[in-house]
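In what follows, a single structure is set out as structure tokens and then discussed.
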Amino acid sequence: MFDIVFKKFKEELEKDYPDYAFYITDDLEAEDFVINSVICEINGIIVKNAKEYSAILNFYIIKPKVQDDLGNFILQALDIQKKIQDLDENRRIFFSEKMSLQFGELKSVEAKETLRICLITGTFDTSFPIKYAIDNMKEYSPAKNIYLSKRSDE
0 MFDIVFKKFK
10 EELEKDYPDY
20 AFYITDDLEA
30 EDFVINSVIC
40 EINGIIVKNA
50 KEYSAILNFY
60 IIKPKVQDDL
70 GNFILQALDI
80 QKKIQDLDEN
90 RRIFFSEKMS
100 LQFGELKSVE
110 AKETLRICLI
120 TGTFDTSFPI
130 KYAIDNMKEY
140 SPAKNIYLSK
150 RSDE
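The numbering of the sequence shown is numbering that gives the first Met the number 0, which starts it at 0 and goes up by one.
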């Protein structure tokens, strides 16, 4: 389901920042910190009822450290945060009212390089019915698409 939600974000990221790759994971490990990437970590899901739940998401923006480039990195992080915030323009289906940004550095042992890291954290409330997401996932399975696209009048 999250890959469907973030399809628009991934397209905008590729358009505005073609050097960044986007990944979604539920178990972030050290080797997941890929240079020039935005990683969405699904930290948890809180189910309120059958129609409403919240997803706790962490986004990591990772870029090589360049001297005197912190200001530019902060501006990029704020722009990427705005793209995440604007996923749902109506702020009804998938929206986080407050997001926090933290900045830091990470030393790469293999490449002997210092990386800039920005952690964006938010709790995204949604009224997207879970049953609809599950039904939709089954409906769009590749085998069924092939079957449905075959014309019956042939």
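Positions of the beta carbon are idealized from the N, C-alpha and C atoms, including for glycine.
- In this structure, T125 is the residue among I60, T125, L114 and L69 with its C-alpha nearest to the C-alpha of I92.
- The beta carbon of A20 is closer than 7 Å to those of V33, N35 and S36 in its chain, skipping five residues each way along the sequence.
- Classified as exposed, S99 has fewer than 16 neighbouring CB atoms from the shown chains inside 10 Å of its CB.
- For P63, DSSP records a beta bridge to L114.
- Per DSSP, the continuous alpha helix (DSSP H) segment holding K7 begins and ends at K6 to D15.
- Looking at the backbone, the Cα of I3 and that of K64 are separated by about 32 Å.
- When rounded, the separation of the alpha-carbon atoms in G103 and T122 is 21 Å.
- Under DSSP, N57 shares a beta bridge with E40 and T120.
- Apart from sequence neighbours up to five positions away, the residues of its chain that approach I55 with a beta-carbon distance below 6 Å are N42, G43 and T122, ordered along the chain.
- A distance of 9 Å or more separates the beta carbons of C39 and I79.
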